[in-house]
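Take a look at the structure below.
As structure tokens, this is what we get:
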């Protein structure tokens, strides 16, 4: 696979960051890529990919798209059906703005709340970009604000990372469970002093810098090896749909199928 | 997604199979699609032998008994142990349109079928007379002999059906209830052949006499378990893509040329001379 340089990629969002009366035009690029290995479901018998279909639970019949609506389950098996129009009306307005409300210490935000990060690039605004980046770096601060991406509104942090401004969407507090809800924690006993000293010693001995490159997905690695081996031997070749040249045969087939049915 | 009319994925459709007539594999497949309503009932539950010509009839073809590797799982097959018990063969059974199309897509020009079905392998459901003219005898003489044979069979109470072999001869079949042995059928056909040869000096009933010029051999030898005949409506691997075609007796009386029944003409025929053959199984 050929990796494009980010600058040649298309931004997923363009707009401006606003702090009071100050505007900073920006472009937003994806930063997080899931490179885990993914598979498709195939039909074991003939090797062809499977597709998903929406099937009605009442009669098990396939439902065409224009008959699909959204519903909210208010109680078991009770739904409020919502029209696309109605949902459209309440969509948050994508106003192309990252509205900054305040600045906080970057490290004061618990990483538990980090959702997804994006790279921000200047959009004909290098000077202002550089100014904001440098000041955030120096103070170790992050700007807190809101952004609307597609149909959802997210709280965000804008902070410095490896010489760039990075936007990280933040989870809502209700999306993160409080561990204190577990009863087990209420009955924890305080450790004895001597044991604590031993534990401290062990931790100290094993202390090191965090090195992300030490980690590698062994499953992905083995799966790729397996695929390579299979490629050399036998693979399942997916046949393409019938070509144009088979058209004449399809006409004949239709006639014959009709005749056979009428028998 | 477009509807799936067949499970078969067509390959090499533009490959020339009959070079003289520039007939492609596409036309071969089309023929079998069109003839399906007529050929499928007869092929039903018979262990087929295919005669394949992947590179056209001017290159070597081969007979295929054993379902090849890569045969889709939806193609019905049946394992039959040879009479000697030494070999097991996995035969193809063609009971549906998809299988017929799949066979055609293998560039299988000829379909050969046994005279018994898989549920009663040792009991024939057809008695088979192969009327084989030795040049200079032609289809004309074969037709004369066939008509004599028809009359003889009629006298002893059998309704018989005729088809061209697709080559130079004619095939006559009597559909019977599958409750007698192949040996009996063979003896019967041989006996009729001997009787005919006594009535007409051009007719021979013994294999040893077949190569005598101008003779017409009434071949009884195919009436045996495991032997096959060109199935009705099978194409034959000859330059004009001739079809082994079921005919009315009146057509034989008027006189025919085998090559008039070919890949192009047979699908247009409105006559269905063998329409009731499977409903007319006679007590033998």
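Residue numbers (our numbering), protein chains in the order written: chain A, 901 to 1163; chain B, 77 to 360.
All C-beta atoms in this analysis are idealised placements derived from N, C-alpha and C, irrespective of residue type, glycine included.
Owing to the predicted nature of the structure, the values given are computational and were not obtained by experimental measurement.
Check: Closer than 8 Å to chain B by CB, residue 904 of chain A; Outcome: In this predicted model, residue 904 of chain A has a pLDDT of only 46, less than 50, meaning its place in the structure is not dependable; the value taken from the coordinates is given anyway. No, no contact with chain B.
Check: Within chain B, partners of residue 1149 of chain A - CB distance below 7 Å; Outcome: 86, 102, 105, 106 and 109
Check: Extent of the continuous beta strand (DSSP E) to which residue 1044 of chain A belongs; Outcome: 1041 to 1049
Check: Contact set between residue 90 of chain B and chain A, taken where Cβ atoms lie within less than 9 Å; Outcome: 1145
Check: Chain B residues whose Cβ lies nearer than 8 Å to that of residue 1154 of chain A; Outcome: 81
Check: Chain-ordered residues of the region 932 to 954 of chain A with a beta carbon less than 9 Å from chain B; Outcome: 945, 946 and 951
Check: Simplified DSSP assignment, three categories, for residue 903 of chain A; Outcome: Below a pLDDT of 50, predicted positions are generally treated as unreliable, and residue 903 of chain A, at 45, falls in that range; no measurement from the model is reported.
Check: Residue 158 of chain B, buried or exposed, once every other Cβ within 10 Å from all chains shown has been counted against 16; Outcome: exposed
Check: In DSSP terms, what residue 943 of chain A is bridged to; Outcome: None, per the DSSP bridge assignment.
Check: Pairwise C-alpha distance: residue 225 of chain B and residue 250 of chain B; Outcome: 11 Å
Check: Run of the alpha helix (DSSP H) containing residue 50 of chain B, from where it starts to where it stops; Outcome: Residue 50 of chain B lies beyond the residue range present for chain B, which begins at 77 and ends at 360; the question has no answer from this structure.
Check: CB contact flag (residue 1117 of chain A, residue 936 of chain A, <8 Å); Outcome: yes
Check: Proximity of residue 1042 of chain A and residue 1065 of chain A at Cβ, strictly below 8 Å; Outcome: no
Check: Chain A residues whose Cβ lies nearer than 9 Å to that of residue 123 of chain B; Outcome: Chain A residues near residue 123 of chain B: none, gap ~23 Å exceeds 9 Å.
Check: Nonlocal neighbours in the same chain, by C-beta distance under 7 Å from residue 108 of chain B, ignoring five residues either side; Outcome: 176, 177 and 180
Check: Under 7 Å by beta carbon: chain C residues contacting residue 1159 of chain A; Outcome: Of the chains in the structure shown, none is chain C; the protein chains are A and B.
Check: Residue 221 of chain B (DSSP reduced to helix, strand or coil); Outcome: helix
Check: Pair within 8 Å by beta-carbon distance, residue 926 of chain A and residue 1020 of chain A; Outcome: yes
Check: Touch test, the region 130 to 146 of chain B against the region 181 to 197 of chain B, Cβ-Cβ under 8 Å, three pairs minimum; Outcome: yes
Check: Residue 1053 of chain A - containing beta strand (DSSP E), residue span; Outcome: 1052 to 1061
Check: Beta-carbon neighbours of residue 149 of chain B, restricted to chain A and to distances below 9 Å; Outcome: 945 and 946
Check: Under 8 Å between C-beta atoms of residue 103 of chain B and residue 339 of chain B; Outcome: yes
Check: Residue 1018 of chain A in three-state terms, based on DSSP; Outcome: strand
Check: Nonlocal neighbours in the same chain, by C-beta distance under 7 Å from residue 903 of chain A, ignoring five residues either side; Outcome: Confidence at residue 903 of chain A is low in this model, with a pLDDT of 45, below 50, so the placement of that residue should be treated as unreliable; the coordinate-derived value is given next. Once the five neighbours on either side are set aside, residue 903 of chain A has no close Cβ partner at all.
Check: Proximal residues of chain A, C-beta to C-beta of residue 173 of chain B below 9 Å; Outcome: 1153, 1156, 1157 and 1160
Check: Straight-line Cα distance separating residue 978 of chain A from residue 1088 of chain A; Outcome: 42 Å
Check: Residue nearest to residue 258 of chain B in terms of C-alpha spacing, selected from B:241, B:170, B:360 and B:326; Outcome: B:360
Check: Contact set for residue 963 of chain A: own chain, Cβ-Cβ below 6 Å, skip 5 residues either direction; Outcome: 954 and 956
Check: Assigned secondary structure, residue 350 of chain B (DSSP; H/G/I helix, E/B strand, else coil); Outcome: coil
Check: 4-residue-minimum alpha helix (DSSP H) runs that sit fully inside the region 170 to 230 of chain B, ordered along the chain; Outcome: 173 to 181
Check: Cβ-Cβ distance between residue 167 of chain B and residue 350 of chain B below 8 Å; Outcome: no
Check: Start and end residues, beta strand (DSSP E) containing residue 240 of chain B; Outcome: 237 to 240
Check: Residues bridged to residue 1095 of chain A (per DSSP); Outcome: Answer is none; residue 1095 of chain A lacks a bridge partner.
Check: Whole-number beta carbon distance between residue 1160 of chain A and residue 113 of chain B, since they are thought to touch under 8 Å; Outcome: 6 Å
Check: DSSP state of residue 1087 of chain A mapped onto helix, strand, coil; Outcome: helix
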